[in-house]
Each structure stands twice: as C-alpha cells, then as structure tokens.
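>
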C-alpha cells in the first residue's frame, strides 16, 4: 500500500511483531473471561467502609486512582466493581506496552522467543489469585507495570536514569508493595540477557550500578512504609521484623514452610516439573555466561551471573524471611514467573532455549485458558452461597421488625458448589481460592448484595451462644444480646 506521495506505507504486519501478537493474544485470553468475575466480598466491604485499597502499607496511588472516580455521576463513592471493565482495559493496555518493551530489551526486537519470554513473566499459576479482587487488579498490576518500567528505563545521563527510575519504582510501590520485588526480578533477567550478549564490560558495569541503586531505593521505600504506615492494628501486627533469637528462627522456618506450601499447592505435576526444568535451564545458562565472562577477564560480570538464579529464589522468599507475617504471601510470588523468563534470557539464541520456550508457552496458555474455569467456579459458588444466605435469612426473618435489622456473625465456610471439584483438578490453585471464595469473610458482601436487613459483625466471641436451629449446611445460634451466629463448620 502506497501513500499519496508514492511512499510505501507500513502495513499492520510490519508494525506488529510476532512477539507483540503473542503477548496480545495471551492477555486477551487471560483478561476477557475475567469480565464475568462476580462480586468479591472484600471489594464490597472496602467500598462500604469508605476505603478502597487501604492507606496501610503506603498504597497511596491505588487509593487516589479510585478517588478520581468518586461520584461517577451518582453523587456518591464509586464501587470498584462498577468500573471493573475499564480497569481491565487500562491494565491490559499497560501490560501490553511494558511486556512488549521488556521482550525487545531481553530477547531482541522481532524474535518469536521474545513473546514467549514476556508472557512467561505472567505465567505463574498463582496469577489468577491476584485477579480475585476487583480492587487489586489496578493495585497489583499497576505496581507490576511501573516496576518493570523502572527497570527498563534508560537515559544517557546516569543521574537522570537513576532519579527517574527511582521515582517510577516508588510510584509502583505506592500501588502495591510487591513492586520492589518485581523491580529486582526484572533487573536480574535484563542483566542475564545483556551479559549473554557479551556487552562492553564498562557499559554493563555502569548500568548495573545505576540499577542496583534504583533497587535499593525501592526496597528502602517498601521497608519504611511497611513499618511506618500502619493505620490499622491488624496490619501493624503483621509488619514486625523477625528477630534473630530462637523464637525468630522458628518463625522464619514456619514462614518458609508456608511459602513452599503456597507454591506447590498451586502447581500440578507437569507444572512442577516445568518449574524444576526452568531452574535447571537458568543455572546452565548462567554458568555458561559466567565462564565466558571470566575467560575474558570480566570477573565482576561472571560472579554477578552466577548469583542470578539464587537472587531470584531469594526474592521469592524475601518477605517471608523479613516479616513475621507478610500480608498475602501469594501476591509476592508473582515474581515466580521471572524464573521462567530468566531461563530463556540466560540461554537466548540456543536450541535449548527454543525448546524450553515452547514448553513455557504451552504452560502460559494453559494458565490463560483456565481463567475461564476460574470464573465458572466463582459464579457457581456465588449462586450456591447466595442461596445459603437467603435461606439463612428466611430462618431468622421473624426476628426482623419493621425497619429493624439483625446482627449477624459468620463462622466457617459455606458448602462448596459442584463446579469447585471439577475445576480444582484442572487448576490446583483453585483449591485455596474457591474453597473460601464465599466463606465466612464474604458474609458482609452477601448481606449487602442481597439487600438483607442485617448488619455484619466481623469479630465475635463464640461464648454465650445457644443453638436455635440446625440445618444440613449450617447451624444458627443466638446470644443474650439478640445477635445471631451462622456456623458453617
């Protein structure tokens, strides 16, 4: 196709690389099914409490993002669920842009392996847990995008590269605290890619210094806000540093065990083997890079290459090693996907990497495909649990006077819907998610969503309750104050 002045205009195929096409298809397969994601209790609860993302832990920008939508034409605070399709579009476009740039920097422009490496970043089976909150899609993936951007940012002036990169990293941390981990993990992969291309020693060493300083700024910001910005006692109680005494070491061992449990509970057999293969492949590649660098006398580069894989593993376990009970281990484990990407970066251009790329691509596509199963399970549990809550209300409706309400507490978890059993075998991470998806903590969301004349009391003392009614799926108890407890255990 030619323009009016006779110059050949670029076609769509020329403007879109194979890598970008793969990334776009993957993101579409992952995000589109999530448009059907049902209301999650925490989104509804935060909305009615007037707090969207919690100022705790320094998540200021996530809160500000939602504050911009306040009113939404109704003169009232906007529920995150109302703008969820818009949020998915925003994060989808941002992810496409940053992953395309990352693919180009790590694997070279236009290479098909670039697309595979980029989607590998998001291929951790734990990713779907992060989409279960309508609110945190913006928080966590906003942090993800900005963290990668901070690592990718380049400028010919070192001080500007450091200053701007650090500012972007801090902005990422103000969306979600896992941004510091992602900055570091992205830098490890980029370093392996550049070292594997045998770049000029002085140039690469200078880049390492600037980016290491940027990572330190991001980590320092995270530690400071984690310790100082705790507006709720519950959050503050989880932010204590692990001591160096015997009790601290026991706590550390328990945290590591819990992290291992989260990882391997979320992987099926083939995915576990793929993880081990990716680690082995990354080790082989980093040893090759290190030996080549040391033979040329590039000792610092060689040592840094050898430390690449241990650094990624450390980043996965870092929160568990530092804090008594890091909030939501699973989301920190988004960095697990970088292990696959490091395996490709360290072996870029080799037949081994191409074979691994195919396996990783299939795994990533499986994750995208099972997002629809995740949504189906969520919807099935929503309908099942809504029926339980409606029945529960009918059992105690005689207590509701005109204009009155019933105070309700909930213990245990509602019965699972049949779809849970099917999809949990397809995608193991559903075990932990769907089982509690509409359980005890979801009561507030259901009470409000169904319009039941109840108030929800989150904390309660089980003493003093007497049995009123026994049902197959729950028991109803009542105390002297006229408050009810629905016990699903």
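In the numbering used here, the protein residues as written are 45 to 533.
Backbone N, C-alpha and C define an ideal beta-carbon position, used for all residues, glycine too.
1) Kindly list the residues whose CB is nearer than 6 Å to the CB of residue 64, restricted to its own chain and excluding five residues on each side of it in sequence; keep chain order.
2) Could you check which residue in 523, 530, 509 has the C-alpha nearest to that of residue 517?
3) Can you give the beta carbon distance from residue 189 to residue 142, rounded, assuming they're within the 8 Å contact cut?
4) Mind checking whether residue 258 and residue 206 have CB atoms under 8 Å apart?
5) Are at least three pairs of beta-carbons, each pair with one atom in the segment 291 to 298 and one in the segment 311 to 330, less than 8 Å apart?
6) In this structure, how does DSSP classify residue 400 when only helix, strand and coil are distinguished?
7) Going straight from the alpha carbon of residue 527 to that of residue 379, what length do you get?
8) Measure the CB-CB distance between residue 358 and residue 229 and report whether it falls below 8 Å.
9) Work out the CA separation of residue 192 and residue 204 for me, nearest whole Å.
10) Under 7 Å Cβ to Cβ from residue 300, same chain only, skipping five residues before and after it: list those, please.
11) Just to confirm, is the Cβ distance from residue 182 to residue 131 under 8 Å?
12) Suppose contacts are defined by Cβ-Cβ distances below 8 Å. Is residue 337 in contact with residue 322 by that definition?
13) Taking buried to mean at least 16 other C-beta atoms within 10 Å of its own C-beta, is residue 74 buried or exposed?
14) Just tell me which of 525, 140, 113, 442 has its CA closest to the CA of residue 69.
15) Ignoring anything shorter than 4 residues, give me the alpha helix (DSSP H) runs that lie fully in the segment 170 to 232, in order along the chain.
16) Alpha carbon to alpha carbon, how far is residue 508 from residue 523?
17) Could you give the DSSP three-state label for residue 350: helix, strand or coil?
18) Just checking my contact of residue 236 with residue 389 at CB under 8 Å: how many whole Å lie between their CB atoms?
19) Rounding to the nearest angstrom, what Cα-Cα distance links residue 210 and residue 426 in this structure?
20) My guess is that residue 240 and residue 333 are in contact by the Cβ rule of under 8 Å, so how many angstroms apart are they, rounded?
21) May I have the straight-line CA-CA distance separating residue 353 from residue 253, to the nearest angstrom?
22) With C-beta atoms as the reference, is residue 324 less than 8 Å away from residue 383?
23) DSSP on residue 510, reduced to helix/strand/coil?
24) Compute the Euclidean distance between the alpha carbons of residue 525 and residue 407, then round it to the nearest angstrom.
25) With DSSP as the reference, label residue 500 as helix, strand or coil.
26) Quick one: residues in its chain with C-beta nearer than 6 Å to the C-beta of residue 496, no 5 flanking neighbours on either side, listed in chain order?
27) Which first and last residues belong to the beta strand (DSSP E) in which residue 521 is found?
28) Answer yes or no: do residue 403 and residue 319 have a C-beta to C-beta separation smaller than 8 Å?
29) Quick one: grab the DSSP three-state call for residue 394.
30) Does the distance from the C-beta atom of residue 138 to that of residue 187 stay below 8 Å?
31) Alpha carbon to alpha carbon, what distance is there between residue 284 and residue 261?
32) Could you name the residues that DSSP lists as bridge partners for residue 451?
33) Apart from the five residues on each side of it in sequence, which residues of its chain come closer than 8 Å, Cβ to Cβ, to residue 185?
34) Decide if residue 514 is buried, meaning its Cβ has at least 16 other Cβ atoms within 10 Å, or exposed.
35) Going by alpha carbons, who is nearest to residue 104 out of 221, 243, 420?
36) If I follow the unbroken beta strand (DSSP E) through residue 530, where does it start and stop?
On the basis of the coordinates in this document:
1) Residue mapping note: residue 64 aligns to position 20 of the chain shown, counting from 1. The residues 144, in chain order, have a CB closer than 6 Å to that of residue 64 in the same chain once the five nearest residues on each side in sequence are set aside.
2) Position 473 of the chain shown, counted from the start, is the residue given in the question as residue 517. Checking every option, the nearest Cα to that of residue 517 belongs to 530.
3) Walking along the chain shown from the start, residue 189 turns up at place 145. Walking along the chain shown from the start, residue 142 turns up at place 98. With a contact defined as Cβ atoms closer than 8 Å, residue 189 and residue 142 qualify at about 5 Å.
4) Within the chain shown, the letter at position 214 stands for residue 258. Within the chain shown, the letter at position 162 stands for residue 206. Result yes, Cβ atoms of residue 258 and residue 206 sit closer than 8 Å.
5) no
6) Along the chain shown, read from residue 1 onward, the residue named residue 400 stands at position 356. Helix at residue 400.
7) Position 483 of the chain shown holds residue 527. Position 335 of the chain shown holds residue 379. Taking the straight line from one Cα to the other gives about 44 Å.
8) Taking the first residue of the chain shown as position 1, residue 358 is located at position 314. Taking the first residue of the chain shown as position 1, residue 229 is located at position 185. No.
9) For the purposes of this step, residue 204 is taken as residue 160 along the chain shown, with counting starting at 1. For the purposes of this step, residue 192 is taken as residue 148 along the chain shown, with counting starting at 1. In a straight line, the C-alpha of residue 204 is about 17 Å away from that of residue 192.
10) The sequence position of residue 300 within the chain shown is 256, counting from 1. For residue 300, where only same-chain residues beyond five positions count, the Cβ hits under 7 Å are 361, 364.
11) Position 138 of the chain shown, counted from the first residue, corresponds to residue 182. Position 87 of the chain shown, counted from the first residue, corresponds to residue 131. Yes, the Cβ-Cβ distance between residue 182 and residue 131 is below 8 Å.
12) Here residue 337 refers to the residue found at position 293 when the chain shown is read from its first residue. Here residue 322 refers to the residue found at position 278 when the chain shown is read from its first residue. Taking 8 Å as the Cβ cut-off, residue 337 and residue 322 do not qualify as a contacting pair.
13) On the chain shown, residue 74 is found 30 positions in, with the first residue counted as 1. It counts as buried.
14) For the purposes of this step, residue 69 is identified with residue 25 of the chain shown, where counting begins at 1. It is 140 whose Cα lies nearest to the Cα of residue 69.
15) 171 to 174, 178 to 196, 202 to 217
16) Counting from one through the chain shown, the residue named residue 508 turns up at place 464. Counting from one through the chain shown, the residue named residue 523 turns up at place 479. Residue 508 and residue 523: Cα-Cα distance of roughly 6 Å.
17) Here residue 350 corresponds to residue number 306 of the chain shown, with the count starting at 1. Helix.
18) Position 192 of the chain shown, counted from the first residue, corresponds to residue 236. Position 345 of the chain shown, counted from the first residue, corresponds to residue 389. Correct: roughly 4 Å between the Cβ atoms.
19) As a position in the chain shown, residue 210 is number 166, starting the count at 1. As a position in the chain shown, residue 426 is number 382, starting the count at 1. Approximately 42 Å between the Cα atoms of the pair.
20) As a working mapping, residue 240 is identified with position 196 in the chain shown. As a working mapping, residue 333 is identified with position 289 in the chain shown. Yes, they are in contact, since the Cβ atoms of residue 240 and residue 333 sit about 5 Å apart, within 8 Å.
21) Here residue 353 is taken as the residue at index 309 of the chain shown, counted from 1. Here residue 253 is taken as the residue at index 209 of the chain shown, counted from 1. The alpha-carbon atoms of residue 353 and residue 253 are separated by roughly 19 Å.
22) Here residue 324 is taken as the residue at index 280 of the chain shown, counted from 1. Here residue 383 is taken as the residue at index 339 of the chain shown, counted from 1. Taking 8 Å as the Cβ cut-off, residue 324 and residue 383 do not qualify as a contacting pair.
23) Within the chain shown, numbered from 1, the residue matching residue 510 stands at position 466. Strand, per DSSP.
24) For the purposes of this step, residue 525 is identified with residue 481 of the chain shown, where counting begins at 1. For the purposes of this step, residue 407 is identified with residue 363 of the chain shown, where counting begins at 1. Each residue's Cα considered, the two are about 54 Å apart.
25) Here residue 500 corresponds to residue number 456 of the chain shown, with the count starting at 1. For residue 500, the three-state secondary structure derived from DSSP is strand.
26) Here the question's residue 496 lines up with position 452 in the chain shown. Counting only Cβ-Cβ distances below 6 Å, and skipping sequence neighbours, we find 437.
27) For the purposes of this step, residue 521 is identified with residue 477 of the chain shown, where counting begins at 1. Per DSSP, residue 521 belongs to the beta strand (DSSP E) from 519 to 522.
28) Numbered from 1 along the chain shown, position 359 holds the residue referred to as residue 403. Numbered from 1 along the chain shown, position 275 holds the residue referred to as residue 319. No, they are not a contact pair.
29) Along the chain shown, read from residue 1 onward, the residue named residue 394 stands at position 350. The answer is coil: DSSP assigns residue 394 none of H, G, I, E or B.
30) Working through the chain shown from its first residue, we reach residue 138 at position 94. Working through the chain shown from its first residue, we reach residue 187 at position 143. Not a contact, by the Cβ cut-off of 8 Å.
31) Within the chain shown, residue 261 is the residue found at index 217, counting from 1. Within the chain shown, residue 284 is the residue found at index 240, counting from 1. The straight-line gap from Cα to Cα measures roughly 20 Å.
32) As a working note, residue 451 is residue 407 in the chain shown. The partner list for residue 451 (beta bridge, DSSP) reads 499.
33) Taking the first residue of the chain shown as 1, we reach residue 185 at position 141. Same-chain partners within the cutoff: 135, 138, 139, 174.
34) Within the chain shown, residue 514 is the residue found at index 470, counting from 1. The residue is exposed, with fewer than 16 neighbouring Cβ atoms inside 10 Å.
35) Against the chain shown, residue 104 aligns to sequence position 60. Of 221, 243, 420, the residue nearest in Cα terms is 221.
36) The residue you call residue 530 lines up with position 486 of the chain shown. Residue 530 -> beta strand (DSSP E) spans 528 to 531.
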